[in-house]
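Engineer:
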Amino acid sequence: MPSKNEKIAKNQLIPCGCATGIGSLPHLDPEAAVALVCQYLPVMPHWPQLPRKTVKEYFCTQFLNALSDIGLIQVEKGTKAFFLNEDDDWPGRLAEFYEIYLQAADGDLEILKKFSFSLGSAEGFYCLYDEFVSKGTGLARYLKGQVVGLLSVGFQVTDQNRVPAYYDEQLRDILLKQLSLQAAWQVKTLGRFGLPVIIFMDDPVIDSCGRFDRISVSREDVQAELTEFAAFVRRFGGLAGVHSCSDLDWSILLSADIDVISFDTYQFAESFALYPDLIQRFLEQGGVIAWGVVPTDKKSLQEEEADTLIDRVVKLVSQLVKKGVDRQLLYTQSIITPACGTGTLTEAEAERIYQLTNSIAAEWKTIIKQCNC
78 MPSKNEKIAK
88 NQLIPCGCAT
98 GIGSLPHLDP
108 EAAVALVCQY
118 LPVMPHWPQL
128 PRKTVKEYFC
138 TQFLNALSDI
148 GLIQVEKGTK
158 AFFLNEDDDW
168 PGRLAEFYEI
178 YLQAADGDLE
188 ILKKFSFSLG
198 SAEGFYCLYD
208 EFVSKGTGLA
218 RYLKGQVVGL
228 LSVGFQVTDQ
238 NRVPAYYDEQ
248 LRDILLKQLS
258 LQAAWQVKTL
268 GRFGLPVIIF
278 MDDPVIDSCG
288 RFDRISVSRE
298 DVQAELTEFA
308 AFVRRFGGLA
318 GVHSCSDLDW
328 SILLSADIDV
338 ISFDTYQFAE
348 SFALYPDLIQ
358 RFLEQGGVIA
368 WGVVPTDKKS
378 LQEEEADTLI
388 DRVVKLVSQL
398 VKKGVDRQLL
408 YTQSIITPAC
418 GTGTLTEAEA
428 ERIYQLTNSI
438 AAEWKTIIKQ
448 CNC
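Letter by letter, the sequence shown follows residues 78 to 450 of the working numbering.
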């Protein structure tokens with residue numbers, strides 16, 4: 078097996094502070110959303126999720142269409158879903174799912190198409206794809222997609238008794254494999270443009286680790302699940318990141334076998350900086366940190382400007398350097414992002430967030446030149 082560094086080198090993941098987004102935008106018009114992405118995030122564009130446009134783009138059910146088609150889950154009102162694990166035909170449907178999974182994992186791309194987005198459930202994805210087909214990828218060096226996180230969906234989707242699916246080992250495994258297959262489909266579809274594809278698993282509920290009310294969520298299980306997801310994405314030629322906009326024990330992600338860690342730097346820089354040794358090791362192994370330095374809450378957004386935000390993140394980098402983290406790695410193996418998605422904001426607020434993200438990424442590039450990183 079090639080080493081992680083070899084995988085990174087092959088995909089040329091040295092982003093040097095280029096800008097991307099987390100996923101959601103408040104737009105109703107997918108073309109307007111894609112235009113915003115391409116304008117401000119041209120080097121690493123992402124496909125925009127549009128939760129206000131339709132209930133089909135609800136965060137926790139958007140990526141589960143194949144499970145519904147097979148008959149493993151039932152979706153109610155677009156936002157609620159539960160497994161049909163007590164139905165008489167459950168064993169047969171379960172066997173069908175795992176057979177499909179094995180065929181797709183072995184490289185059957187026709188089978189993998191079963192895990193594409195259903196009609197109307199990801200218009201931003203198809204709009205961005207069509208934009209690239211008609212006009213090319215422009216300045217893009219990487220393409221980014223995303224799926225919902227396993228814990229986030231695992232505590233929303235339930236069994237037939239309304240117990241969260243994450244607590245059932247079999248149901249949790251189905252969800253993990255479904256998300257892995259959906260991510261692999263994104264990799265193969267976006268990969269047609271000849272650029273490295275990065276898929277973020279967006280999972281704020283990783284903060285369940287260590288919570289007294291979720292004591293059955295173990296660190297070891299979470300890391301094993303992230304490792305399986307990342308390995309599957311890499312099998313199809315992509316790279317795997319994890320985004321969390323919650324505060325958590327960052328050693329969980331820093332010690333996991335993933336390629337990118339994306340976090341809300343604006344709120345949680347201090348807790349992240351508690352792990353300099355793990356940060357250094359993560360970067361040495363080829364990992365990339367996505368600094369979510371642009372706030373996505375309305376109050377902070379009104380208070381901050383690009384220069385105040387770049388000062389915040391530069392101070393954080395300086396603190397980490399003093400703690401022994403390599404300065405060059407911190408600057409070159411970095412991505413600049415908003416703290417979270419912008420789907421709950423106004424279009425004007427979302428545009429300002431993307432403008433700030435773009436401005437900080439430009440300044441980051443200047444810093445890299447000045448310090449010969």
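Ideal placement from N, C-alpha and C gives every residue a C-beta, glycine not left out.
Write down every uninterrupted run of the alpha helix (DSSP H) in the region 356-381 whose length is 4 residues or greater and which is fully enclosed by it, in chain order.
Structural biologist: Those alpha helix (DSSP H) runs which fall completely within the region 356-381 and span 4+ residues are 375-380.
Engineer: Would you report the Cα separation of Tyr117 and Glu381, rounded to the nearest angstrom?
Structural biologist: For the purposes of this step, residue 117 is identified with residue 40 of the sequence shown, where counting begins at 1. For the purposes of this step, residue 381 is identified with residue 304 of the sequence shown, where counting begins at 1. In a straight line, the C-alpha of Tyr117 is about 18 Å away from that of Glu381.
Engineer: What first and last residue would you give for the alpha helix (DSSP H) that runs through Phe340?
Structural biologist: For this step, residue 340 is matched to residue 263 along the sequence shown. Looking at the DSSP string, Phe340 is not in any alpha helix (DSSP H); the run it does join, the beta strand (DSSP E), is Val337 to Phe340.
Engineer: Would the region 125-133 and the region 95-102 be scored as touching if the rule is three or more Cβ pairs under 8 Å?
Structural biologist: Counting Cβ pairs under 8 Å, three or more are found: they touch.
Engineer: Tell me whether the region 272-279 and the region 194-205 touch, counting them as touching only if at least three CB pairs, one residue from each stretch, are closer than 8 Å.
Structural biologist: Verdict: no, contact absent.
Engineer: Out of Gly98, Ile251, Leu228 and Ile338, state which residue places its alpha-carbon closest to the alpha-carbon of Trp167.
Structural biologist: The residue you call residue 167 lines up with position 90 of the sequence shown. The candidate whose alpha carbon is nearest that of Trp167 is Ile251.
Engineer: Just to confirm the assignment: which complete alpha helix (DSSP H) runs, minimum length 4, are found wholly within the region 389-431?
Structural biologist: Entirely contained in the region 389-431, the alpha helix (DSSP H) runs reaching 4 residues are, in chain order, 404-409.
Engineer: Can Ala307 and Ile338 be called in contact, C-beta distance under 7 Å?
Structural biologist: Taking the sequence shown and counting its residues from 1, the one referred to as residue 307 is at position 230. Taking the sequence shown and counting its residues from 1, the one referred to as residue 338 is at position 261. Contact flag unset, no.
Engineer: Per DSSP, what kind of secondary structure is Asp207 in: helix, strand or coil?
Structural biologist: On the sequence shown, residue 207 is found 130 positions in, with the first residue counted as 1. DSSP places Asp207 in helix when its eight states are reduced to three.
Engineer: Name the DSSP bridge partner or partners of Ile276?
Structural biologist: Here residue 276 is taken as the residue at index 199 of the sequence shown, counted from 1. Paired residue(s): Gly222 and Ala317.
Engineer: When DSSP labels each residue in this structure, what does Glu173 get in the three-state scheme?
Structural biologist: Along the sequence shown, read from residue 1 onward, the residue named residue 173 stands at position 96. Glu173 falls in the helix class under three-state DSSP.
Engineer: Excluding the 5 residues preceding and the 5 following Met278 in the sequence, name in chain order all residues of the same chain whose CB lies nearer than 8 Å to its CB.
Structural biologist: Looking up residue 278 in the sequence shown gives position 201. Excluding sequence neighbours, Met278 sits near Gln223, Val224, Val225, Gly226, Leu227, Leu256, Ala260, Leu303, Phe306, Ala317, Gly318, Val319 and His320.
Engineer: Starting from Lys157, trace the beta strand (DSSP E) both ways and give me its first and last residue.
Structural biologist: Here residue 157 corresponds to residue number 80 of the sequence shown, with the count starting at 1. Per DSSP, Lys157 belongs to the beta strand (DSSP E) from Lys157 to Phe160.
Engineer: What are the residues that DSSP puts in a beta bridge with Gln151?
Structural biologist: Taking the first residue of the sequence shown as 1, we reach residue 151 at position 74. Looking at the DSSP assignment, Gln151 forms a beta bridge with Phe159.
Engineer: I'd like the list of long-range same chain contacts for Thr421, defined as Cβ closer than 6 Å, with 5 residues on each side in sequence excluded.
Structural biologist: On the sequence shown, position 344 is the one that residue 421 refers to. Closer than 6 Å at Cβ, skipping near neighbours: no residue.
Engineer: So, using beta-carbon positions, are Phe192 and Trp262 closer together than 7 Å?
Structural biologist: Along the sequence shown, read from residue 1 onward, the residue named residue 192 stands at position 115. Along the sequence shown, read from residue 1 onward, the residue named residue 262 stands at position 185. In this structure, Trp262 lies closer than 7 Å to Phe192 by Cβ.
Engineer: Which residues share a DSSP beta bridge with Pro241?
Structural biologist: Counting from 1 along the sequence shown, the entry for residue 241 is found at position 164. Per DSSP, Thr235.
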